[in-house]
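**Student:**
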Amino acid sequence: MQAIDRALLLATRGLLALSAACCAAILGLVVAAVVMRYAVAAPFRFTEELSGLLLSAMAFLALPFAMAGNANIRVTLVTDKLPPLGKRIAWFLGQCIMVAFCAVFAWEGWAIADFTLMLNLMSEQARLPLGPWVVLMPVSLGVTGLVAAWVALRPPPAEKAAPL
42 MQAIDRALLL ATRGLLALSA ACCAAILGLV VAAVVMRYAV AAPFRFTEEL
92 SGLLLSAMAF LALPFAMAGN ANIRVTLVTD KLPPLGKRIA WFLGQCIMVA
142 FCAVFAWEGW AIADFTLMLN LMSEQARLPL GPWVVLMPVS LGVTGLVAAW
192 VALRPPPAEK AAPL
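Set out below in structure tokens:
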């Protein structure tokens, strides 16, 4: 189990690094656009669309790490008052709900991605290909669902201090 824990944490950290790279790319893109606008008077026409795509990629790439590191938002008002067995059952059920959500979102998102790829859709102004960006959403939620399923087998975070 520990080998799988380490592999999942390593993979999700890699995705988190890609998320951070998206954040850095947004910063670089905005700085370059400002320089182009004020220094050369010729702004990039793709800045807004590419920044938005990078922002969504940043969020979706960070999701698996948040799940693996137990950094997702939880409401524990009731579960904190439960006995240990009740906490474990609530934890398992909560993770199962997350897995179900991820499965439904990934399934529906894949249909949209397939449609986008089939028609080779492009962004409105800059004509950026949307396929890779749209595929990222269901794939990321699929990975998040797998992580949530694995984490469901682990003790709740209050019982274990280290992630995974």
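Here the numbering used here is used: the first residue of the sequence shown is 42, the next is one more, and so on. Cβ atoms here follow ideal geometry from the backbone N, Cα and C, with glycine treated the same way.
Could you check what DSSP says for M163 in three-state terms: helix, strand or coil?
**Tutor:** DSSP places M163 in strand when its eight states are reduced to three.
**Student:** Where does K201 sit, in a helix, a strand or coil, going by DSSP?
**Tutor:** Confidence in K201 is poor, its pLDDT being 48 and thus under 50, which makes the residue's placement too unreliable to answer from.
**Student:** Measuring straight from C-alpha to C-alpha, what distance separates V145 and A190?
**Tutor:** Straight-line Cα distance between these residues: approximately 14 Å.
**Student:** Is there at least one non-hydrogen atom of the ligand SAM closer than 7 Å to the beta-carbon of M159?
**Tutor:** Of ligands this structure carries none, so the ligand SAM is not represented either.
**Student:** Which residue comes first and which comes last in the alpha helix (DSSP H) that contains I67?
**Tutor:** First-last of the alpha helix (DSSP H) with I67: Q43 to V76.
**Student:** Is it buried or exposed, Q136, if we count other Cβ atoms within 10 angstroms and call 16 or more buried?
**Tutor:** So Q136 ends up on the buried side.
**Student:** Measuring only the C-alpha atoms, how far is S164 from A65?
**Tutor:** Straight-line Cα distance between these residues: approximately 22 Å.
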